[in-house]
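Report on the following structure.
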Amino acid sequence: MVLVEKNGVKKKFDGEEVIQSIIKAGGSKDLGEDIVSRLGSKLNRTSVISTKELKKMVAQVLAEKNKTIADAYSSG
Numbered sequence: 000m001v002l003v004e005k006n007g008v009k010k011k012f013d014g015e016e017v018i019q020s021i022i023k024a025g026g027s028k029d030l031g032e033d034i035v036s037r038l039g040s041k042l043n044r045t046s047v048i049s050t051k052e053l054k055k056m057v058a059q060v061l062a063e064k065n066k067t068i069a070d071a072y073s074s075g
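The letter at position 6 of the sequence shown is residue 5 when you use numbering that gives the first Met the number 0, and the numbering goes up by one with no holes.
Listed below in structure tokens is the structure:
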């Protein structure tokens with residue numbers, strides 16, 4: 000899957016970047032891995048996604064597990 004950044008640069012999606020962002024928001028590596036795993040089926044349905052769309056999807060799935068960390072992730 001291709002991730003399109005705000006500046007229009009396209010790069011290959013890397014779940015590790017999502018995990019690191021969740022850790023920065025106060026989550027654990029295990030939580031990050033769980034969120035990336037849960038997103039897997041949704042992300043496999045598309046070949047291109049913007050960082051804005053990805054962040055929204057991550058925040059929604061994260062909120063199901065931990066609202067506080069989801070809020071920190073969304074604001075970060």
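Glycine is no exception: its CB is placed at the ideal position from the N, C-alpha and C atoms.
Collapsing the DSSP output to three states places K5 in coil.
Here DSSP, grouped into helix, strand and coil, assigns S20 to helix. Counted as a single uninterrupted DSSP element, the stretch harbouring S46 is not any alpha helix (DSSP H), since DSSP gives it neither H nor E. S46 and V3 do not touch by the CB rule: their CB atoms are close to 11 Å apart, not below 8 Å. Going by C-alpha positions, K41 is about 15 Å away from E63. In the DSSP assignment, S74 falls within the unbroken alpha helix (DSSP H) covering 66-74. Beta-bridge partners assigned by DSSP to K10: L2.
For I22, same chain residues with a beta-carbon under 7 Å away, outside a window of 5 residues either side, are K28, G31 in chain order.
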